[in-house]
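*Asks:*
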Amino acid sequence: QPTMEEMLREMVQATRALQEANRAQWEAALVQQESNRLQERTNQILEAQQETNQILLNQTTQSQAEIQELRLKLSQMGKEDDSARPIRASLVLQKMTPEDDVEAYLLAFERCAEREGWRKEQRADIVAPFFMGDAQKAYFDLEPEAAADYFLLKAEILARVGVTPTVRAQRFHTWSYQAGKAPKPQMFDLIHLARWWLQPDINSPARIVELVVMDRYLRALPLEIQKWVGQGNPANAQELIALVERQVAAEELVKTTTTTTVTQRSPGHPLGLKAVSGCEGTAGHGWGRSSGSKDNVNVKRFGRLLRCHRAIQCPLNDEPTHCDLGEYTRYQSIKISGKEIDALIDSGSVVTLVSATLIKPSQLNHMQKRGITCVHGDINYYPTTLVKVEVQGNTYEVKVGIVPKLPHLDIIGRD
Numbered sequence: 104q105p106t107m108e109e110m111l112r113e114m115v116q117a118t119r120a121l122q123e124a125n126r127a128q129w130e131a132a133l134v135q136q137e138s139n140r141l142q143e144r145t146n147q148i149l150e151a152q153q154e155t156n157q158i159l160l161n162q163t164t165q166s167q168a169e170i171q172e173l174r175l176k177l178s179q180m181g182k183e184d185d186s187a188r189p190i191r192a193s194l195v196l197q198k199m200t201p202e203d204d205v206e207a208y209l210l211a212f213e214r215c216a217e218r219e220g221w222r223k224e225q226r227a228d229i230v231a232p233f234f235m236g237d238a239q240k241a242y243f244d245l246e247p248e249a250a251a252d253y254f255l256l257k258a259e260i261l262a263r264v265g266v267t268p269t270v271r272a273q274r275f276h277t278w279s280y281q282a283g284k285a286p287k288p289q290m291f292d293l294i295h296l297a298r299w300w301l302q303p304d305i306n307s308p309a310r311i312v313e314l315v316v317m318d319r320y321l322r323a324l325p326l327e328i329q330k331w332v333g334q335g336n337p338a339n340a341q342e343l344i345a346l347v348e349r350q351v352a353a354e355e356l357v358k359t360t361t362t363t364t365v366t367q368r369s370p371g372h373p374l375g376l377k378a379v380s381g382c383e384g385t386a387g388h389g390w391g392r393s394s395g396s397k398d399n400v401n402v403k404r405f406g407r408l409l410r411c412h413r414a415i416q417c418p419l420n421d422e423p424t425h426c427d428l429g430e431y432t433r434y435q436s437i438k439i440s441g442k443e444i445d446a447l448i449d450s451g452s453v454v455t456l457v458s459a460t461l462i463k464p465s466q467l468n469h470m471q472k473r474g475i476t477c478v479h480g481d482i483n484y485y486p487t488t489l490v491k492v493e494v495q496g497n498t499y500e501v502k503v504g505i506v507p508k509l510p511h512l513d514i515i516g517r518d
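Residue 104 is where the sequence shown starts when you use the working numbering, and the numbers rise one by one after that.
(1) With Val490 and Ile444 assumed to form a contact (beta carbons below 8 Å), what rounded beta-carbon distance in angstroms separates them?
(2) The alpha helix (DSSP H) with Ile305 in it runs from where to where?
(3) Please state whether DSSP places Met317 in a helix, a strand or coil.
(4) Take Ala208 as the anchor and find which of Glu217, Leu196, His295, Arg298 has the nearest alpha-carbon.
(5) Do the segment 151–168 and the segment 220–227 make contact, defined as three or more Cβ pairs closer than 8 Å?
(6) Tell me which residue opens and which closes the alpha helix (DSSP H) that Ala531 is part of.
(7) Rounded to whole angstroms, what's the CA-CA distance from Tyr280 to Glu213? Just pull it up for me.
(8) Verify whether the separation of the beta carbon atoms of Pro507 and Asp237 is less than 8 Å.
(9) Is Asp427 helix, strand or coil by DSSP?
(10) Helix, strand or coil for Arg310 per DSSP?
(11) Looking only at its own chain, which residues have a Cβ that is under 8 Å from the Cβ of Thr455, when we skip the five neighbours before and after it?
(12) Let me know if Arg322 comes out buried or exposed under the rule of 16 or more other beta-carbons within 10 Å of its beta-carbon.
(13) Can you check which of these residues, Ala258, Ile170, Leu346, Arg349, is closest to Tyr484 by C-alpha distance?
(14) Does DSSP put Lys438 in a helix, a strand or coil?
(15) Mind checking whether Gln334 and Arg473 have CB atoms under 8 Å apart?
(16) On the premise that Ala251 lies in contact with Thr242, defined as a C-beta separation below 8 Å, what is that separation, rounded to the nearest angstrom?
(17) Please determine, among Ile229, Leu173, Met235, the residue with the shortest C-alpha to C-alpha distance to Pro201.
(18) For Asp204, count neighbouring C-beta atoms within 10 Å of its own C-beta (all shown protein chains included) and say buried if the count is 16 or more, exposed if not.
(19) So the alpha helix (DSSP H) Glu202 belongs to, where does it begin and stop?
(20) Near Trp300, what residues of its chain come up, given a Cβ to Cβ distance below 6 Å and the 5 sequence neighbours on each side ignored?
(21) Do Asn336 and Thr267 have their beta-carbon atoms positioned less than 8 Å apart in this structure?
(22) Note down the Cα distance separating Glu150 from Ile305, rounded to an integer number of angstroms.
(23) Within the continuous alpha helix (DSSP H) that includes Lys257, where are the two ends?
(24) For Ala338, count neighbouring Cβ atoms within 10 angstroms of its own Cβ and tell me buried if that reaches 16, exposed if not.
(25) When the Cα of Glu442 is compared with those of Val332, Ile448, Ile462, Glu246, which residue comes out closest?
(26) Ends of the alpha helix (DSSP H) at Gly333?
(27) Report, in whole angstroms, the separation of the C-beta atoms of Val332 and Val347, which I expect to be a contact under 8 Å.
(28) So, is Leu326 buried or exposed, given that buried needs 16 or more other C-beta atoms within 10 angstroms?
(29) Under DSSP, the beta strand (DSSP E) around Lys502 begins and ends at which residues?
(30) For Asp292, count neighbouring C-beta atoms within 10 Å of its own C-beta (all shown protein chains included) and say buried if the count is 16 or more, exposed if not.
(31) Do Leu343 and Tyr320 have their C-beta atoms closer together than 8 Å?
(32) Could you check where the beta strand (DSSP E) with Leu293 kicks off and where it finishes?
(33) Which whole-angstrom value describes the C-beta separation of Thr498 and Gln466, a residue pair presumed to lie in contact below a C-beta threshold of 8 Å?
(34) Between which two residues does the beta strand (DSSP E) containing Val457 stretch?
(35) Quick check: Pro353 and Val453, are their CB atoms within less than 8 Å of each other?
(36) Can you give the Cα-Cα distance for Leu314 and Arg298, rounded to whole angstroms?
Structure representation (structure tokens):
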């Protein structure tokens, strides 16, 4: 049996162990309390942070709205200032002179307009007072809506002076090396001509390829077809093909219509109209120079000197008069856009011309102009449009040239 001393020793050890356990439990309770207090503090901090973030977000949104509103007000104020501020173009532009290259003058104006910050809708009115010659005539001949559009005005002016993609291509191909000049500037001149023609800043690679192919195709055509199609200024390959096909068909018609008489029905005329025999050259052959043009003005038919249908506008005619075909003049009652008129039939003209009084200005296509050479050698460029022509109960859609001050309301050509 254990002695009393051993029993007391075991009791003391048990008591000590119990005390240690109690102290450990108390320390654990203290740690848990501290942890709970820290968690509560952390939650309070997170809530405060969220409230702060929300306040900052609201302030940022409000600031952005105020900034946007301020920008809008400043923009409107800037526009009002620009419109109210007088444009003193005479300080930076010079009057066009007869020696100026029109295309270079327009390019210089565009660069000046960019530098001065002139808006595009203002540019036509700004540059117009500085024009002279053909450029000035083009501005006054256009309808007010078209004249106010600088892009349309520029196209009209370039067409008047004969600057078309075909002409630009011709300048590139006719360039030649000059032995007396430095090689480097000549290379840059050729690059400049190529860029003017192909316009890589505007045209896509596919469009540039199309322009090169169209130019090569045009140069391979017979000379007479090449002149006519080139003046037609086709915008794409499809239009080029259509022009060639039309000219080929017109030449076939010439073979049949030149042998008809004024009382016979021309079987080759697409509108089935009576042809005026032997009137080649009265309105220009195929929009271009004809057998009765400046090179051969005194060609006679039926013992009479044929006069241009546009002679009233031709500056090379001493006494402008209407067409003097006497007994050989033939008219046909037709309808254009539902309006019935008497049209002059001209088998010598490949194209149909319509007076500008019959067509609304908004219908005119100033981008695709056609050049017409009269028997006096004068070349004018006119806008085109598609019209519906009703003849003898049949309706045709024809692309016609729109001529102001045309002596007849309509001149029917072989098209």
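Every residue gets a Cβ at the ideal spot worked out from N, C-alpha and C, and that includes glycine.
*Replies:* Based on what the coordinates show:
(1) The residue labelled residue 490 in the question sits at position 387 within the sequence shown. The residue labelled residue 444 in the question sits at position 341 within the sequence shown. In fact, because the Cβ distance is near 12 Å, the residues do not count as touching under 8 Å.
(2) Start at 1 with the first residue of the sequence shown, and residue 305 comes out as number 202. Counting along the chain, Ile305 falls outside any alpha helix (DSSP H), and DSSP gives it neither H nor E.
(3) Within the sequence shown, residue 317 is the residue found at index 214, counting from 1. Here Met317 carries a helix assignment [DSSP, helix/strand/coil].
(4) Translated into the one-based positions of the sequence shown, residue 208 becomes position 105. Per the sequence shown, the amino acid found at residue 208 is Tyr instead of Ala. Checking every option, the nearest Cα to that of Tyr208 belongs to Leu196.
(5) no
(6) An answer regarding residue 531 cannot be provided, because it is not within the stretch 104 to 518 covered by the chain.
(7) Translated into the one-based positions of the sequence shown, residue 280 becomes position 177. Translated into the one-based positions of the sequence shown, residue 213 becomes position 110. Tyr280 and Glu213: Cα-Cα distance of roughly 30 Å.
(8) By 1-based counting over the sequence shown, the position of residue 507 is 404. By 1-based counting over the sequence shown, the position of residue 237 is 134. It is not a contact, given that the beta carbons lie outside the stated cut-off.
(9) Position 324 of the sequence shown, counted from the start, is the residue given in the question as residue 427. In this prediction, Asp427 scores a pLDDT of 42, lower than 50, which makes its location untrustworthy; no coordinate-derived value is stated.
(10) The residue labelled residue 310 in the question sits at position 207 within the sequence shown. Three-state result, Arg310: helix.
(11) The residue given as residue 455 occupies position 352 in the sequence shown. Counting only Cβ-Cβ distances below 8 Å, and skipping sequence neighbours, we find Val492, Val501, Val503, Gly504, Asp513, Ile514, Ile515, Gly516, Asp518.
(12) Position 219 of the sequence shown holds residue 322. Exposed, by the Cβ-count rule.
(13) Along the sequence shown, one-based indexing puts residue 484 at 381. Closest by alpha carbon: Ala258.
(14) Locating residue 438 in the sequence shown gives position 335, counting from the first residue. Strand, per DSSP.
(15) Indexing the sequence shown from 1 puts residue 334 at position 231. Indexing the sequence shown from 1 puts residue 473 at position 370. It is a contact, given that the beta carbons lie within the stated cut-off.
(16) The residue labelled residue 242 in the question sits at position 139 within the sequence shown. The residue labelled residue 251 in the question sits at position 148 within the sequence shown. As written in the sequence, residue 242 is Tyr, which differs from the Thr given in the question. 10 Å between Cβ atoms; not a contact.
(17) Translated into positions along the sequence shown, residue 201 becomes position 98. Measuring from the Cα of Pro201, the nearest candidate turns out to be Met235.
(18) For the purposes of this step, residue 204 is taken as the residue at position 101 of the sequence shown. Burial call: exposed.
(19) In the sequence shown, the residue the question calls residue 202 occupies position 99. Run containing Glu202: none; DSSP gives neither H nor E here.
(20) Mapped onto the sequence shown, residue 300 falls at position 197. Result list for Trp300: Arg271, Ala272, Phe275, in chain order.
(21) Along the sequence shown, one-based indexing puts residue 267 at 164. Along the sequence shown, one-based indexing puts residue 336 at 233. Judged by their CB atoms, Thr267 and Asn336 are nearer to each other than the 8 Å cut-off.
(22) Against the sequence shown, residue 150 aligns to sequence position 47. Against the sequence shown, residue 305 aligns to sequence position 202. Answer to the nearest angstrom: the Cα atoms are 59 Å apart.
(23) For this step, residue 257 is matched to residue 154 along the sequence shown. Counting along the chain, Lys257 sits inside the alpha helix (DSSP H) bounded by residues 253–263.
(24) Here residue 338 refers to the residue found at position 235 when the sequence shown is read from its first residue. So Ala338 ends up on the exposed side.
(25) The residue you call residue 442 lines up with position 339 of the sequence shown. Here residue 442 turns out to be Lys, not Glu, going by the sequence shown. Ranking Val332, Ile448, Ile462, Glu246 by Cα distance to Lys442 puts Ile462 first.
(26) The sequence position of residue 333 within the sequence shown is 230, counting from 1. Gly333 -> alpha helix (DSSP H) spans 326–335.
(27) Within the sequence shown, residue 332 is the residue found at index 229, counting from 1. Within the sequence shown, residue 347 is the residue found at index 244, counting from 1. Correct: roughly 6 Å between the Cβ atoms.
(28) Counted from its first residue, the sequence shown places residue 326 at position 223. Counting Cβ neighbours within 10 Å, Leu326 comes out exposed, since fewer than 16 surround it.
(29) Along the sequence shown, one-based indexing puts residue 502 at 399. Element bounds for Lys502: 497–506.
(30) Residue numbering aside, residue 292 sits at position 189 when the sequence shown is read from its first letter. Exposed: under 16 other Cβ atoms inside 10 Å.
(31) Here residue 343 refers to the residue found at position 240 of the sequence shown. Here residue 320 refers to the residue found at position 217 of the sequence shown. Leu343 is a Cβ neighbour of Tyr320, given a cutoff of 8 Å.
(32) The residue given as residue 293 occupies position 190 in the sequence shown. Taken as a continuous stretch (DSSP letters only), Leu293 belongs to no beta strand (DSSP E), being part of the alpha helix (DSSP H) at 286–301.
(33) Position 395 of the sequence shown, counting from 1, holds the residue named residue 498. Position 363 of the sequence shown, counting from 1, holds the residue named residue 466. Here Thr498 is actually not in contact with Gln466; their C-beta atoms are around 17 Å apart, not less than 8 Å.
(34) Counting from 1 along the sequence shown, the entry for residue 457 is found at position 354. Residues 456–458.
(35) Mapped onto the sequence shown, residue 353 falls at position 250. Mapped onto the sequence shown, residue 453 falls at position 350. One detail in the question is off: residue 353 reads as Ala in this sequence, not Pro. Going by C-beta atoms, Ala353 is nearer than 8 Å to Val453.
(36) One-based indexing of the sequence shown puts residue 314 at position 211. One-based indexing of the sequence shown puts residue 298 at position 195. Roughly 12 Å separates the two Cα atoms.
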